[in-house]
Amino acid sequence: MKPTVFAVSDMDRRTSQISTDHETQETEASSPLNPVPEGVTLGTNLPCWYYFARPLLAILIGGVLFSSGTALSLLYFTQVGNVPYLLGPVFLSVGLMFLVTGLVWVPVVKQRLEHKALTKINEFIFNFCS
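So in UniProt numbering, spot 65 of the sequence shown is number 65, and the numbers just go up one at a time.
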């Protein structure tokens with residue numbers, strides 16, 4: 001049985017080089033390292049909402065939970081309704097946690113996108129000059 005040598009290129013993870021007895025052939029990788037959603041091809045610009053969908057969802061859920069916690073707390077302290085004691089503060093704290101997480105997540109995603117754009121520009125300039 002002949003040994004087979006596998007060499008994976010660091011520059012392009014989508015394809016791999018397989019060498020057997022001085023022959024080189026390029027084949028498609030069987031499973032990608034970074035899964036990509038269906039309908040999106042690698043190397044294209046994704047729409048802005050794709051990157052900000054999860055942070056905005058966290059902000060939305062946090063706002064709803066925070067406002068419902070505020071309403072439940074007001075109902076408890078005004079003794080208008082029969083509301084359990086801890087229900088308002090629990091909704092307030094969980095809502096605030098989601099809200100702050102989403103608000104911090106947005107600048108992180110923005111900075112990551114700017115870094116990715118600068119990296120692409122630097123690669124283009126490096127490839128163009130050399």
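The C-beta atom is built at its ideal place from N, Cα and C for all residues, glycine as well. Bear in mind that the values here come from a model prediction, so they are computed numbers and not experimental data.
Return yes when the Cβ of residue j is within less than 7 Å of the Cβ of residue i, no when it is not.
i: F98; j: G62; result: yes
By the DSSP assignment, the alpha helix (DSSP H) with residue i in it spans what residues?
i: P89; result: L87 to C129
i: G81; result: It is not in any alpha helix (DSSP H) - G81 carries neither H nor E in the DSSP assignment.
i: L57; result: C48 to F77
For residue i, which residues from the same chain have a beta carbon less than 7 Å from its beta carbon, with the 5 sequence-adjacent residues on both sides left out?
i: Y51; result: V109 and L113
i: P55; result: G102, W105, V106 and V109
i: Y76; result: V83, Y85 and G88
i: L72; result: V83, L87, G88 and F91
i: Q79; result: none
I'd like the list of long-range same chain contacts for residue i, defined as Cβ closer than 6 Å, with 5 residues on each side in sequence excluded.
i: G95; result: G62, L65, F66 and G69
i: C48; result: none
i: A58; result: F98, T101 and G102
i: D21; result: Because D21 carries a pLDDT of 44, less than 50, the predicted location of this residue cannot be relied on, and no value is offered for it.
Spatial neighbours of residue i within its chain, please: CB distance less than 8 Å, with the 5 preceding and 5 following residues excluded, ordered by chain position.
i: G81; result: L75
i: N127; result: none
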